[in-house]
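Read top to bottom, the protein sequences are chains D and H. Sequential numbering from 7 applies to the first sequence in my numbering. Sequential numbering from 7 applies to the second sequence in my numbering. Single-structure report; data block below.
Number of protein chains: 2
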Amino acid sequence: MNSEVNQSLKLFIVLSRAYKAINEQVNKAIQANGLNPTEFAVLELLYHKGQQPLQQIGGKILLASGSITYVVDKLEQKGLLNRAACPNDRRVTYAIITDKGKEFIEAIFPEHEARIHELMDVLSEEEKATAIELLKKIGLPVAKY
Amino acid sequence: MNSEVNQSLKLFIVLSRAYKAINEQVNKAIQANGLNPTEFAVLELLYHKGQQPLQQIGGKILLASGSITYVVDKLEQKGLLNRAACPNDRRVTYAIITDKGKEFIEAIFPEHEARIHELMDVLSEEEKATAIELLKKIGLPVAKY
DNA sequence: ATAATTTAGTTTGAAGTCGAGATATCTTTT
DNA sequence: AAAAGATATCTCGACTTCAAACTAAATTAT
Chain D
7 MNSEVNQSLK
17 LFIVLSRAYK
27 AINEQVNKAI
37 QANGLNPTEF
47 AVLELLYHKG
57 QQPLQQIGGK
67 ILLASGSITY
77 VVDKLEQKGL
87 LNRAACPNDR
97 RVTYAIITDK
107 GKEFIEAIFP
117 EHEARIHELM
127 DVLSEEEKAT
137 AIELLKKIGL
147 PVAKY
Chain H
7 MNSEVNQSLK
17 LFIVLSRAYK
27 AINEQVNKAI
37 QANGLNPTEF
47 AVLELLYHKG
57 QQPLQQIGGK
67 ILLASGSITY
77 VVDKLEQKGL
87 LNRAACPNDR
97 RVTYAIITDK
107 GKEFIEAIFP
117 EHEARIHELM
127 DVLSEEEKAT
137 AIELLKKIGL
147 PVAKY
């Protein structure tokens, strides 16, 4: 019984290490481009998914509402996105990536992908597929009684 | 090959999600006990590995030197650890867990383990073993527990 | 219609983390 | 033994993030 708990604990530890190790590399590279990881995540979301109400940005990249304003302000100051009022619902503000923002992502995203690919490439394609299947199950909302 | 890159990217995403999902739960529980995750990590280190020079704490749980002072101050204020000068090298200060600190860890660590076990139990024992093997390869060497 | 509730976004204050520099001590070199 | 270099801790300022309080607008219930 106890060894099962230890197995879970060990999985937690290797999961944490793996995540932190990868993330450290990735963040370092992003920051070298003058953005912090949150800014990059927002900009990438806008690039790949189109304009978003500020509210939804928080939901999609797991960001507290207080942080959204700050990050969007920063990106707006840098000229990488614009705010635009929603005509139907005046409470809503959209964040829209600018041309400069698009160029920026287009310039650094391929490197970003390549870096992650390199870091993940200690696993074979098959191992990656297995890892994806297993990790998918972790952290999914579990039905409560 | 582009699909290979996508596979790596997907692995990165599910890895991030899994980590964040688990971590969010764990942190919430730790904070409910009046500590933040870093404080808990330091205290647990001292409990399981005995007294440590401040410097080494930073190395082991990945913390900048400026942060160590802060966290150790906090734990000292709460009476969970003490500082003690090293007799041989007067530059060195040890952090030593107090009896109160020990009681604290003994009171909450079993819950902590059980919580992680519950969160990880969406995987079978065999799947966990597979996940551990794969994740070990990503990032750094592991030794703990 | 008007009041109550909910939702969207912002502002503010606190907490945590880092990095650079300051200080003290130890070690090595000359 | 003095100078130079390395190491450990602390201090301070900047940055990021969050939570809670707040404003404004939309929705609903009466």
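Each residue gets a CB set at the ideal place from its N, CA and C atoms; glycine is no exception.
To the nearest angstrom, report how far apart residue i and residue j are at their CA atoms.
i         : j         : result
H:Gln-37  : H:Pro-43  : 7 Å
D:Gln-58  : H:Arg-89  : 50 Å
H:His-118 : H:Ile-28  : 12 Å
D:Leu-17  : D:Asp-105 : 43 Å
H:Pro-147 : D:Ser-22  : Reliability of the predicted coordinates at H:Pro-147 is poor, the pLDDT of 42 falling under 50, and the value obtained from them is presented with this limitation in mind. C-alpha separation (whole angstroms): 12 Å.
D:Gly-40  : D:Asn-33  : 11 Å
D:Arg-121 : D:Ile-114 : 11 Å
H:Leu-69  : D:Cys-92  : 43 Å
D:Asn-12  : H:Gly-64  : 25 Å
D:Glu-30  : D:Val-20  : 15 Å
D:Ile-138 : D:Glu-131 : 11 Å
H:Ala-24  : D:Arg-96  : 36 Å
D:Tyr-76  : D:Gly-145 : 28 Å
H:Gly-85  : H:His-123 : 30 Å
D:Gln-83  : D:Gly-107 : 12 Å
D:Tyr-151 : D:Gly-56  : A caution first: D:Tyr-151 carries a pLDDT of 45, below 50, which makes its placement in the model unreliable, though a value can still be read off. Distance between the alpha carbons of D:Tyr-151 and D:Gly-56 is about 38 Å.
H:Ala-101 : H:Ser-71  : 14 Å
H:Val-78  : D:Leu-52  : 41 Å
H:Glu-10  : H:Leu-125 : 30 Å
D:Leu-141 : H:Leu-141 : 10 Å
D:Asn-8   : H:Thr-136 : 19 Å
H:His-54  : H:Gln-62  : 14 Å
D:Pro-116 : H:Asn-94  : 53 Å
I'd like to confirm the pairing. Which residues does DSSP put opposite residue i in its beta bridges?
i         : result
H:Tyr-100 : H:Pro-59, H:Ala-90
Find out if the Cβ-Cβ distance for the pair residue i, residue j is shorter than 9 Å.
i         : j         : result
D:Leu-3   : D:Ile-111 : Past the boundaries of the shown model lies residue 3 of chain D; chain D is included only from 7 to 151, so the question cannot be answered.
D:Ile-103 : D:Leu-87  : yes
H:Lys-143 : D:Val-128 : yes
D:Leu-81  : D:Glu-45  : yes
D:Ile-67  : D:Ala-47  : yes
H:Ser-14  : D:Lys-134 : yes
Run down chain H in chain order and give the residues with a C-beta less than 9 Å from the C-beta of residue i.
i         : result
D:Ala-137 : Leu-17, Val-20, Leu-21, Thr-136, Ala-137, Leu-140, Leu-141, Ile-144
D:Ile-28  : Phe-18, Leu-21, Ser-22, Ile-144, Gly-145
Please compile the residues from chain D whose C-beta is within a distance smaller than 8 Å of the C-beta of residue i.
i        : result
H:Lys-34 : The premise fails here: H:Lys-34 is roughly 14 Å from chain D at the closest Cβ pair, so nothing lies under 8 Å.
H:Ala-37 : The question names Ala, but residue 37 of chain H in the sequence shown is Gln. What H:Gln-37 touches in chain D: nothing, since even the nearest Cβ is about 15 Å away.
Give the residues of chain D in contact with residue i, contact being defined as C-beta atoms less than 7 Å apart.
i         : result
H:Glu-133 : Leu-140
H:Tyr-25  : Leu-21, Ser-22, Tyr-25
Could you list which residues in chain D have their beta carbon closer than 9 Å to that of residue i, in chain order?
i        : result
H:Glu-10 : His-123, Asp-127, Glu-131, Lys-134
H:Gln-13 : His-123, Met-126, Glu-131, Lys-134, Ala-135, Ile-138
Original post:
Just by C-beta distance, which residues in the region 87 to 119 of chain H are closer than 8 Å to chain D?
Top reply: The region 87 to 119 of chain H vs chain D, Cβ under 8 Å: Glu-119.
**OP:** Can you give me, in chain order, the residues of the region 50 to 81 of chain D that have a beta carbon less than 7 Å from any beta carbon in chain H?
**Re:** Answer set for the region 50 to 81 of chain D: Leu-68.
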